[in-house]
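Notes for the one structure printed next.
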Amino acid sequence: MKESVTKSSGNVFLDLGFPPEEAAILQMRSEIMTDIRKFIKNRKLTQAKAAELFGVSQSRVSDLIRGKWEKFSLEMLIALATKAGMRISLKRAA
Numbered sequence: 051m052k053e054s055v056t057k058s059s060g061n062v063f064l065d066l067g068f069p070p071e072e073a074a075i076l077q078m079r080s081e082i083m084t085d086i087r088k089f090i091k092n093r094k095l096t097q098a099k100a101a102e103l104f105g106v107s108q109s110r111v112s113d114l115i116r117g118k119w120e121k122f123s124l125e126m127l128i129a130l131a132t133k134a135g136m137r138i139s140l141k142r143a144a
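End of the sequence shown = 144 in the numbering used here, gap-free, step of one.
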């Protein structure tokens with residue numbers, strides 16, 4: 051059986067068949083969540099310390115670390131990233 055390789059569009063969610071508007075939001079959520087998880091890891095924060103920093107419960111940090119992206123809106127992830135000192139900007143491609 052010959053396998054075929056399809057070039058990615060650059061957005062895995064679009065490639066998986068999500069509508070373009072939903073794929074764009076999912077991609078943003080995924081990228082911000084990854085950045086927050088890296089922040090927690092690089093700072094060697096415990097879940098309790100991260101929860102204190104972000105002003106959320108430890109269980110919310112656990113959800114974040116476990117990659118439960120469906121539990122976080124784009125707005126919530128932007129708020130958490132901002133509390134971590136990250137600058138978030140939205141850019142529109144032509």
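For glycine and all other residues, C-beta sits at the position ideal for the given N, C-alpha and C. Computed from a predicted model, the values in this text were never measured in an experiment.
Residue i classed as buried or exposed, judged by whether at least 16 other C-beta atoms fall within 10 angstroms
i, result
"VAL62", "exposed"
"MET23", "Any question about residue 23 goes unanswered here, given that the chain covers just 51 to 144."
"ALA98", "exposed"
"LEU140", "exposed"
Contact under 9 Å by Cβ, residue i with residue j
i, j, result
"ILE90", "VAL106", "no"
Cα-Cα separation, residue i to residue j
i, j, result
"SER58", "ASP65", "7 Å"
"ASP113", "GLU125", "16 Å"
"LYS118", "MET78", "14 Å"
"LEU127", "MET51", "43 Å"
"THR56", "LYS88", "29 Å"
"SER80", "ASN92", "18 Å"
DSSP three-state assignment for residue i, whether helix, strand or coil
i, result
"THR84", "helix"
Practice prompt. Counting only runs of 4+ residues fully inside the region 100 to 143, write out the alpha helix (DSSP H) ranges in chain order.
Written response: 108 to 115, 124 to 133, all fully within the region 100 to 143.
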